[in-house]
Amino acid sequence: MENLIDKIVNESSPQTKKFSSWKIDIRDQILFLLEHHPEIKTQNELAKKLNKKDSEISRLLNGIHNITLETLVKISVVLGRDVIMTDLRAKEKYAFNHTSLSLSIQKDSNKVPVTTTRYYYNTSTTPENDFQTLAAKFALHHPYQIDLNDNTINKQLQ
Amino acid sequence: MSEQVYVSEYWTYKTVTWYTLTYEETGIKSLNDFFTRMSELGDKIGNEKIKQDLQDLANWMKNIGDSIYGVNKSILREERRCYALPHKQVKGLGLRLYCYWVSEQIIILFNGGIKTENNPEHCPNIRQHFYQAQSWSKQLENIGILHNGRKITNLEELYLNS
Chain A
6 MENLIDKIVN ESSPQTKKFS SWKIDIRDQI LFLLEHHPEI KTQNELAKKL
56 NKKDSEISRL LNGIHNITLE TLVKISVVLG RDVIMTDLRA KEKYAFNHTS
106 LSLSIQKDSN KVPVTTTRYY YNTSTTPEND FQTLAAKFAL HHPYQIDLND
156 NTINKQLQ
Chain B
22 MSEQVYVSEY WTYKTVTWYT LTYEETGIKS LNDFFTRMSE LGDKIGNEKI
72 KQDLQDLANW MKNIGDSIYG VNKSILREER RCYALPHKQV KGLGLRLYCY
122 WVSEQIIILF NGGIKTENNP EHCPNIRQHF YQAQSWSKQL ENIGILHNGR
172 KITNLEELYL NS
């Protein structure tokens, strides 16, 4: 069966598609932040905090209204969380702060590792050189195969 | 003699299922009739606004269909017993697609046109669709719609008279 909704969408300009998609994404994000905010739960409460009328907030959250950057900033400040984030900022926040540590166990230095585990940790919250802590965590998973005092643990920071 | 229509599934997106009405005799779906007539009208009179409004409406339907929170009743235009798209904050006259709101995840789409008068009963383009939508909504209210998530579960009962 032909879906004329998708057919008309496909005939739309890239700008029309993106504009509509972003507006709904922003509306969803604001509703999500409201749902998880400890104090500001409703659109009416958000309206009060922003000194706006209920109808104005309703208009912002209908997925059609053209929301301004200034309003997005005000909402982000009031809710204490960013409503939007650029791709670069997202990478900086969620990817670049994380690094991994591989730990391998070998019977001796000339043999192939019998097991390897990689841990991911946030460099902003975990001391990079806290190898003993990470090795201890590794030991919890491999209690029979590791001896922290043994030099058979191979550390490799990536 | 009145023509029978029945509620049928049109398309299911991640969050919302759009239903429409199918004419039993011809198999024509009311939503397809609306989209086809409006597209042809836009082409015929070369009205770019009609085309753009139609594209905005279709994009909104797809994106809200895939959204996390679905269609809140408060964002639709209330038109007596039924509702209409696009959202009430789109000011002025223009496209109207009448519908019946079942839940955030289920909407039944009727038919519509281009509104040229504030009062739909005075508008020659949509008067018929407005009255028809009121009648269908009343019949749906009387029958009662059972649903589970994005799906209506008593479709076999949802036969209406035009």
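Residue numbers (this note's numbering), protein chains in the order written: chain A, 6 to 163; chain B, 22 to 183.
Note that the Cβ used here is the ideal one computed from N, Cα and C, for glycine as well.
When the distance is taken between beta carbons, is residue j closer than 8 Å to residue i?
{"i": "residue 130 (chain B)", "j": "residue 13 (chain A)", "result": "no"}
{"i": "residue 44 (chain B)", "j": "residue 30 (chain B)", "result": "no"}
{"i": "residue 83 (chain A)", "j": "residue 45 (chain A)", "result": "yes"}
{"i": "residue 34 (chain B)", "j": "residue 87 (chain B)", "result": "yes"}
{"i": "residue 127 (chain B)", "j": "residue 136 (chain B)", "result": "no"}
{"i": "residue 159 (chain B)", "j": "residue 38 (chain B)", "result": "no"}
{"i": "residue 161 (chain B)", "j": "residue 121 (chain B)", "result": "yes"}
{"i": "residue 59 (chain B)", "j": "residue 71 (chain B)", "result": "yes"}
{"i": "residue 89 (chain A)", "j": "residue 55 (chain A)", "result": "no"}
{"i": "residue 25 (chain A)", "j": "residue 80 (chain B)", "result": "yes"}
{"i": "residue 125 (chain B)", "j": "residue 175 (chain B)", "result": "no"}
{"i": "residue 182 (chain B)", "j": "residue 23 (chain B)", "result": "yes"}
{"i": "residue 157 (chain B)", "j": "residue 8 (chain A)", "result": "no"}
{"i": "residue 27 (chain B)", "j": "residue 180 (chain B)", "result": "yes"}
{"i": "residue 47 (chain B)", "j": "residue 89 (chain B)", "result": "no"}
{"i": "residue 178 (chain B)", "j": "residue 164 (chain B)", "result": "yes"}
Enumerate in chain order the residues of its own chain whose CB-to-CB distance from residue i is below 7 Å, with the five nearest sequence positions on each side excluded.
{"i": "residue 155 (chain B)", "result": "101, 102 and 103"}
{"i": "residue 64 (chain B)", "result": "none"}
{"i": "residue 65 (chain A)", "result": "72 and 76"}
Would you say the beta carbon of residue i comes nearer than 7 Å to a heavy atom of the ligand NAP?
{"i": "residue 78 (chain A)", "result": "No copy of the ligand NAP appears in this structure; indeed no ligand is present at all."}
Along chain B, which residues have their Cβ under 9 Å away from the Cβ of residue i?
{"i": "residue 21 (chain A)", "result": "73, 76, 77 and 80"}
Looking only at its own chain, which residues have a Cβ that is under 6 Å from the Cβ of residue i, when we skip the five neighbours before and after it?
{"i": "residue 155 (chain A)", "result": "Reliability fails at residue 155 (chain A), whose pLDDT of 45 lies under 50, so the model's placement of it is uncertain and no value is given."}
{"i": "residue 51 (chain A)", "result": "45 and 62"}
{"i": "residue 169 (chain B)", "result": "none"}
{"i": "residue 140 (chain B)", "result": "none"}
{"i": "residue 91 (chain B)", "result": "36, 37, 125 and 126"}
{"i": "residue 152 (chain A)", "result": "The predicted model places residue 152 (chain A) with a pLDDT of 46, which falls under 50 and marks its position as unreliable, so this point remains unresolved."}
{"i": "residue 10 (chain A)", "result": "none"}
{"i": "residue 144 (chain B)", "result": "136, 137 and 138"}
{"i": "residue 94 (chain A)", "result": "none"}
Starting from the beta carbon of residue i, find every residue of chain B whose beta carbon is closer than 7 Å, and list them in chain order.
{"i": "residue 13 (chain A)", "result": "56, 75, 76 and 79"}
{"i": "residue 29 (chain A)", "result": "84, 85 and 88"}
Beta-carbon within less than 8 Å of residue i's beta-carbon, same chain only, minus the 5 sequence neighbours each way: which residues are those?
{"i": "residue 95 (chain B)", "result": "none"}
{"i": "residue 31 (chain A)", "result": "72, 77, 88 and 89"}
{"i": "residue 150 (chain B)", "result": "117, 119, 131, 132, 133 and 134"}
{"i": "residue 85 (chain A)", "result": "42"}
{"i": "residue 211 (chain B)", "result": "No information on residue 211 (chain B) is available, as it lies outside the stretch 22 to 183 that chain B covers here."}
{"i": "residue 61 (chain B)", "result": "none"}
{"i": "residue 48 (chain A)", "result": "39, 59, 62, 63 and 66"}
{"i": "residue 56 (chain B)", "result": "75 and 79"}
Using a C-beta to C-beta distance shorter than 8 Å, which residues of chain A count as neighbours of residue i?
{"i": "residue 53 (chain B)", "result": "7 and 9"}
Can you pull the chain B residues whose beta carbon is under 8 Å from the beta carbon of residue i, in chain order?
{"i": "residue 33 (chain A)", "result": "88, 89 and 90"}
{"i": "residue 172 (chain A)", "result": "Residue coverage of chain A in this structure runs from 6 to 163, which leaves residue 172 (chain A) outside it and unanswerable."}
{"i": "residue 26 (chain A)", "result": "80 and 84"}
#### Entry: Stretch pair the segment 34-41 of chain A + the segment 6-26 of chain A: three plus CB contacts closer than 8 Å
Verdict: no, contact absent.
### Task
Quick one: which residues of the segment 22-38 of chain B get their C-beta closer than 7 Å to a C-beta of chain A? List them in chain order.
Sequence-ordered contacts of the segment 22-38 of chain B with chain A read 32 [C-beta pairs closer than 7 Å].
### Message
Short of 8 Å Cβ to Cβ, which residues in the segment 32-63 of chain A face chain B?
### Response
Here the close residues are 32, 33, 36, 37 and 63.
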